[in-house]
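Peer 1: Below are the structure tokens for one structure; questions will follow.
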Amino acid sequence: MPDAVYVQDAFARIADRYVLTNHVLSCGMDIWWRKIVTARIRKWRPTRLLDVASGTGDLALEIQDQCPQCEVIASDFCAEMLAHAARQGIAKTIVADALRLPFRDGEFDVVTVAFGLRNMADYPAALREMRRVLKSSGRLVILDFSLPTGILRTPYRLYLHHVLPRLAGWLTGQKDAYEYLGGSIEQFPSGHAMTELLENCGFAETSATPLTGGVVTIYEGSKL
Ligand SMILES: C[S@@+](CC[C@H](N)C(=O)[O-])C[C@H]1O[C@@H](n2cnc3c(N)ncnc32)[C@H](O)[C@@H]1O
202 MPDAVYVQDA
212 FARIADRYVL
222 TNHVLSCGMD
232 IWWRKIVTAR
242 IRKWRPTRLL
252 DVASGTGDLA
262 LEIQDQCPQC
272 EVIASDFCAE
282 MLAHAARQGI
292 AKTIVADALR
302 LPFRDGEFDV
312 VTVAFGLRNM
322 ADYPAALREM
332 RRVLKSSGRL
342 VILDFSLPTG
352 ILRTPYRLYL
362 HHVLPRLAGW
372 LTGQKDAYEY
382 LGGSIEQFPS
392 GHAMTELLEN
402 CGFAETSATP
412 LTGGVVTIYE
422 GSKL
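Position 180, counted from 1, in the sequence shown is what my numbering calls 381; the numbers after and before it change by one each time, with no gaps.
Shown next, in the form of structure tokens:
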């Protein structure tokens with residue numbers, strides 16, 4: 202699993218170019234993925250939501266805009282990334298490690314984590330911590346990369362390991378941070394392996410919804 206010191210440093214180095222690089226590398230699809238997640242959450246009418254590993258706050262901002270009744274809190278252990286979230290207009294940001302969230306048990310209706318869990322040093326510990334801060338019946342939503350199955354798999358892996366690091370290195374000057382990305386996606390549990398992990402960490406009503414041919418997947422789980 203990823204090394205926390207390396208991850209924190211890597212995101213601090215790319216923070217200024219993170220949003221633009223995401224849009225270029227995903228051909229703008231990252232905007233659509235966050236809108237799909239937000240549309241699901243909106244139907245639940247949450248009043249208090251925590252976006253863990255919020256980074257520059259793109260998902261938190263979309264939720265804040267689409268769910269005006271909801272208090273949205275963005276947390277991340279990289280102050281440089283979170284500074285962008287505050288500048289983008291997230292009302293409440295908190296520098297915090299996802300493995301030790303500074304919240305009481307049962308404070309949130311929804312916890313979200315987009316492209317963040319994969320970077321954490323201990324997935325089960327992080328998932329249990331997110332469950333702890335959820336209310337009973339609260340929901341966890343994870344958006345993260347997965348590997349496509351079928352004919353897209355080989356070309357996508359070629360893109361991920363050979364094209365993407367060069368392009369991102371050119372955009373950010375930090376090629377190594379994007380070489381790390383491909384390896385982290387290869388090792389991250391996806392599909393049934395992720396829903397099983399969620400169930401082992403105490404979540405019920407789990408689901409996995411692949412988007413864009415399986416390039417990303419939305420996972421959900423409830424705290425019953
Ligand atoms: C790829 S960015 C995702 C940012 C944002 N959620 C998005 O959708 O663009 C991953 C973020 O996870 C954060 N992160 C990784 N491990 C963390 C941890 N243990 N605690 C808090 N934040 C963490 C990093 O600092 C980084 O900002």
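Note that beta-carbon positions come from the ideal geometry of N, C-alpha and C, so glycine has one too.
Note that the coordinates shown come from a computational prediction; the quantities given were computed from them, not determined experimentally.
#1: Between the alpha carbons of Thr355 and Lys376, how many angstroms are there, rounded?
#2: Could you check where the alpha helix (DSSP H) with Ser276 kicks off and where it finishes?
#3: For Leu361 and Ile386, which I take to be in contact (beta-carbon distance under 8 Å), what is that distance rounded to the nearest angstrom?
#4: What's the C-alpha gap between Leu353 and Leu412?
#5: Along the chain, where does the beta strand (DSSP E) that runs through Phe346 open and close?
#6: If Ala369 sits next to Thr222, beta carbons under 8 Å apart, how far is it from one beta carbon to the other, in whole angstroms?
#7: Given this structure, state the Cα-to-Cα distance separating Ala322 from Ala211, to the nearest angstrom.
#8: Bridge partners of Glu421, per DSSP?
#9: Expressed to the nearest angstrom, what Euclidean distance is found between the alpha-carbon atoms of Pro325 and Asn401?
#10: Can you grab the Cα-Cα spacing for the pair Glu380 / Arg241, in whole Å?
#11: Cβ atoms of Ile215 and Ala378: under 7 Å apart, would you say?
#12: So for Thr313, helix, strand or coil by DSSP?
#13: To the nearest angstrom, how far is the alpha carbon of Ala405 from that of Leu398?
#14: Once the 5 residues before and after Pro366 are set aside, which same chain residues still bring their CB inside 6 Å of it?
#15: With which residues is Val296 paired in a DSSP beta bridge?
#16: Could you give the first and the last residue of the continuous alpha helix (DSSP H) run that contains Leu251?
#17: Please check the pair Asp277 and Ala254, which I expect to be a contact at CB under 8 Å, by giving their CB distance rounded to whole angstroms.
#18: Helix, strand or coil for Ser391, going by three-state DSSP, please let me know.
#19: Closest to Arg246 by CA distance: which of Cys228, Asp266 and Gln289 is it?
#20: So does Gly256 have its beta carbon nearer than 6 Å to some heavy atom of ligand 1?
#21: Look at the Cβ atom of Cys271, then the Cβ atom of Thr294, and state whether they are nearer than 7 Å.
#22: Below 8 Å CB to CB, which residues in the same chain sit around Ser338 once its five sequence neighbours on both sides are set aside?
#23: Quick check on the DSSP output: the alpha helix (DSSP H) that includes Pro269 runs from which residue to which?
Peer 2: To lay it out plainly:
#1: 22 Å
#2: That residue, Ser276, is in no alpha helix (DSSP H); its beta strand (DSSP E) goes Glu272 to Asp277.
#3: 7 Å
#4: 13 Å
#5: Leu335 to Phe346
#6: 6 Å
#7: 14 Å
#8: Val342 and Ser408
#9: 8 Å
#10: 32 Å
#11: yes
#12: strand
#13: 11 Å
#14: Lys376, Tyr379 and Glu380
#15: Asp277
#16: Not the alpha helix (DSSP H): Leu251 falls in the beta strand (DSSP E), residues Arg249 to Val253.
#17: 6 Å
#18: coil
#19: Asp266
#20: yes
#21: no
#22: Ser423, Lys424 and Leu425
#23: Note, Pro269: premise wrong, no alpha helix (DSSP H); not H, not E.
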